[in-house]
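When the letters of the sequence shown are read in order and numbered with the working numbering, they come out as residues 139 to 551.
Ideal Cβ placement from N, Cα and C applies to all residues, glycine included.
Heads up: the structure comes next, in structure tokens.
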Amino acid sequence: MPQDLIVGLDIGTTKICAVVGEVRDHQVEIVGVGAAPTAGGLRKGVVVNIDHTVRAIRKAVEEAETIAGCEIRSVYTGVAGSHLQGHNAQGVIIIKGREVTAAEVDRVIESARIMVSIPSDRELIHTLIQEYIIDGQDGIKDPIGIHGNRLECRVHLVSGSVNSLNNIIRCANRAGLEVSGMALQSLACGEAVLTEEEKALGVALVDFGGGTTDVAVFANNSLRYNGSIPVGGNNLTNDIAVGLQTSLNNAEHLKKSSGCCCNALSGGIEEVEIPGLGGRRSRSIPRRELANIVEARLKEIIDLVGVELRKASAAIPVLAGAVISGGSAQIPGLAELFDDRLNLPTRLGHPVAAGGLADVIRDPAYATGVGLVLYGHRLQHPSGDYPTGGARTSKPSKRGLGGRFWQWLKDVV
Ligand SMILES: Nc1ncnc2c1ncn2[C@@H]1O[C@H](COP(=O)(O)OP(=O)(O)OP(=O)(O)O)[C@@H](O)[C@H]1O
Ligand SMILES: [Mg+2]
């Protein structure tokens, strides 16, 4: 696999996608993509069937290899699900008037890390630096070279269940892939769809996927909060199937072709055709009936997002508003509904931070996959702005996780 190729593997509840990025003149161009349905391999962001997941990974990777014309051996994968937890912590060390060195930065980060006790069945995935404070002066991004007496640092730690993380690695390894790093899906998604201004000012990123809706808050160029709601587009499909008495396949098709919020309906009476079940005749219903079902569930999800944002935003105002991403974000009228209900200016987030294949960079369902490529690129080419964090890596091994090892790498937000 050429060194200038970086692959993001987004293991989602409804689809697994592999996105291949090529680094040209320090810019990432997307040159390949492959996707396969997860087919029951995951539930609510967590692997529940290894064989199905491995099969889908292989299929997605083979498709991406054909399009990019390369062999894929290593990937950056995302992690999601309600097993993930975020913790804010603060560390302090005394430097007695000396200049801050890299060793002291490591020491103050470690002093913050040990403030949070992580049980043995959980593992730290990210240590994300929010800011340094020297002798009470806050907002410092790079403290090296500054003199002072007291060095403090605020960090956001993200931990996850060891078993859930191992299952992701096990699936990738069984598909013949080395895991070069793992990232919180929201963090990766933020890399692809958020602007630097939004991350600086304060923004809520909502990833409306199939099985989960992930909420992340960024401020001061750093991730400050992450949460996951175990409801997503699959629930919309179920509601349509039950409400309109049709199959899940028909409901999924109806949702994608005609589903919308009520605010996106035109004034005229539009009709949609509902295919009958088991040879029954199809029938027509007003599109508004479909929109009512879709909107009822979306309102419930948006209210749950509001609860997450209230937990996060007492101390962190989201002045730039919200960005919605993920496959379900494509439902017409969703941004407006979000804006109305939470009083937050909302836009649809496409992967804007990379060039290349137009189909991929225009589709919010690929935002996390593209973001994982950008995340991998940042790890490989650290700008120096961001201090160290932890990232997990593994090599494929005939003995399962035998080749796994820890490595400290530059982390980014
Ligand atoms: N055009 C569309 N309109 C409405 N919904 C859509 C559209 N395209 C995709 N979806 C829905 O988006 C969901 C899949 O989104 P996405 O690919 O972001 O999820 P995922 O990453 O597989 O799941 P998760 O992030 O929850 O683990 C499905 O429920 C699908 O029905
Ligand atoms: Mg997803």
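Residue ranges of each alpha helix (DSSP H) run of no fewer than 4 residues wholly in the segment 463 to 533, ordered along the chain?
472 to 480, 496 to 499, 505 to 518
Using only the alpha-carbon positions, how far apart do alanine 460 and isoleucine 278 sit?
The residue you call residue 460 lines up with position 322 of the sequence shown. The residue you call residue 278 lines up with position 140 of the sequence shown. Roughly 26 Å separates the two Cα atoms.
When DSSP labels each residue in this structure, what does lysine 197 get in the three-state scheme?
As a first step, residue 197 must be located in the sequence shown, where it is residue number 59. Reduced to three states, the DSSP call for lysine 197 is helix.
Below 8 Å, is the gap between the Cβ of glutamine 323 and the nearest heavy atom of ligand 2?
Residue numbering aside, residue 323 sits at position 185 when the sequence shown is read from its first letter. Within the cutoff, so yes.
Serine 422 and glutamate 411 look like a contact to me (Cβ under 8 Å); what is the Cβ gap, rounded to whole Å?
Here the question's residue 422 lines up with position 284 in the sequence shown. Here the question's residue 411 lines up with position 273 in the sequence shown. Correct: roughly 5 Å between the Cβ atoms.
Look at valine 238 and glutamate 290 and say whether their C-beta atoms are less than 9 Å apart.
Taking the first residue of the sequence shown as 1, we reach residue 238 at position 100. Taking the first residue of the sequence shown as 1, we reach residue 290 at position 152. For valine 238 and glutamate 290, no; Cβs fall outside 9 Å.
Any chance the segment 474 to 488 sits against the segment 442 to 458, with 3 or more Cβ pairs inside 8 Å?
Result yes; three or more Cβ-Cβ pairs closer than 8 Å.
Glycine 371, enclosing alpha helix (DSSP H) - first and last residue
Position 233 of the sequence shown, counted from the start, is the residue given in the question as residue 371. Start and end: 371 to 381.
Is glycine 493 near ligand 2, with its Cβ less than 8 Å from a heavy atom?
Working through the sequence shown from its first residue, we reach residue 493 at position 355. No, the beta carbon of glycine 493 sits no closer than 8 Å to any heavy atom of ligand 2.
Is it true that the segment 248 to 258 meets the segment 222 to 237, where meeting means three or more beta-carbon pairs spaced less than 8 Å apart?
yes
Mark threonine 204 as exposed unless 16 or more other C-beta atoms lie within 10 angstroms of its C-beta, in which case mark it buried.
For this step, residue 204 is matched to residue 66 along the sequence shown. So threonine 204 ends up on the exposed side.
What span of residues does the alpha helix (DSSP H) with isoleucine 144 cover, start to end?
Counting from 1 along the sequence shown, the entry for residue 144 is found at position 6. Per DSSP, isoleucine 144 belongs to no alpha helix (DSSP H); it is in the beta strand (DSSP E), 143 to 149.
Is alanine 338 closer than 9 Å to alanine 354 when the C-beta atoms are compared?
Here residue 354 corresponds to residue number 216 of the sequence shown, with the count starting at 1. Here residue 338 corresponds to residue number 200 of the sequence shown, with the count starting at 1. It is not a contact, given that the beta carbons lie outside the stated cut-off.
Identify, in the order they occur along the chain, each residue of the same chain with its Cβ nearer than 7 Å to the Cβ of glycine 527, setting aside the five sequence neighbours on each side.
One-based indexing of the sequence shown puts residue 527 at position 389. Because glycine 527 sits at a pLDDT of 40, beneath the cut-off of 50, its placement in the model cannot be relied upon, and the point is left open.
Return yes when the C-beta of glutamate 411 is under 8 Å from any heavy atom of ligand 1, and no when it is not.
Working through the sequence shown from its first residue, we reach residue 411 at position 273. False, no ligand heavy atom lies under 8 Å from that Cβ.
Could you check whether the Cβ of alanine 177 sits closer than 8 Å to any heavy atom belonging to ligand 1?
Counting from 1 along the sequence shown, the entry for residue 177 is found at position 39. Checking the Cβ of alanine 177 against ligand 1 gives no.
Kindly give me the distance between the Cβ atoms of histidine 190 and alanine 177, rounded to whole angstroms, as I take these residues to be in contact under 8 Å.
By one-based count along the sequence shown, residue 190 stands at place 52. By one-based count along the sequence shown, residue 177 stands at place 39. 5 Å between Cβ atoms; contact.
Would you call the segment 426 to 442 and the segment 292 to 311 in contact, with 3 or more CB pairs under 8 Å?
no
Under a three-way DSSP split, which group does histidine 391 fall into?
In the sequence shown, the residue the question calls residue 391 occupies position 253. Of the three classes helix, strand and coil, the one that applies to histidine 391 here is helix, per DSSP.
By a C-beta neighbour count over all protein chains shown, 10 Å radius and 16 as the cutoff for buried, is lysine 153 buried or exposed?
As a working note, residue 153 is residue 15 in the sequence shown. Its Cβ being crowded by 16 or more others within 10 Å, lysine 153 is buried.
Alpha carbon of glycine 159 to alpha carbon of valine 199, nearest angstrom:
The residue labelled residue 159 in the question sits at position 21 within the sequence shown. The residue labelled residue 199 in the question sits at position 61 within the sequence shown. When rounded, the distance between both Cα atoms is 13 Å.
When the Cβ atoms of the segment 293 to 303 are set against those of the segment 213 to 226, are three or more pairs found closer than 8 Å?
yes
Give the C-beta separation of glycine 348 and glycine 509 to the nearest angstrom, bearing in mind that I take them to be a contact with Cβ-Cβ under 8 Å.
Within the sequence shown, the letter at position 210 stands for residue 348. Within the sequence shown, the letter at position 371 stands for residue 509. At roughly 17 Å, the Cβ-Cβ gap does not stay under 8 Å, so glycine 348 and glycine 509 are not in contact.
Beta carbon of isoleucine 499: closer than 8 Å to some heavy atom of ligand 1?
One-based indexing of the sequence shown puts residue 499 at position 361. No - ligand 1 has no heavy atom lying nearer than 8 Å to the Cβ of isoleucine 499.
Do asparagine 358 and glutamine 268 count as a contact pair if the criterion is CB distance below 9 Å?
Taking the first residue of the sequence shown as 1, we reach residue 268 at position 130. Taking the first residue of the sequence shown as 1, we reach residue 358 at position 220. Yes, they are a contact pair.
Taking all protein chains shown into account, decide if proline 489 is buried (16 or more other Cβ within 10 angstroms of its Cβ) or exposed.
Within the sequence shown, the letter at position 351 stands for residue 489. Buried is the call here.
Relative to ligand 2, is the shortest distance from any of its heavy atoms to the C-beta of alanine 240 smaller than 8 Å?
Here residue 240 corresponds to residue number 102 of the sequence shown, with the count starting at 1. False, no ligand heavy atom lies under 8 Å from that Cβ.
Excluding the 5 residues flanking serine 553 on each side, which residues of the same chain have their C-beta closer than 7 Å to its C-beta?
An answer regarding residue 553 cannot be provided, because it is not within the stretch 139 to 551 covered by the chain.
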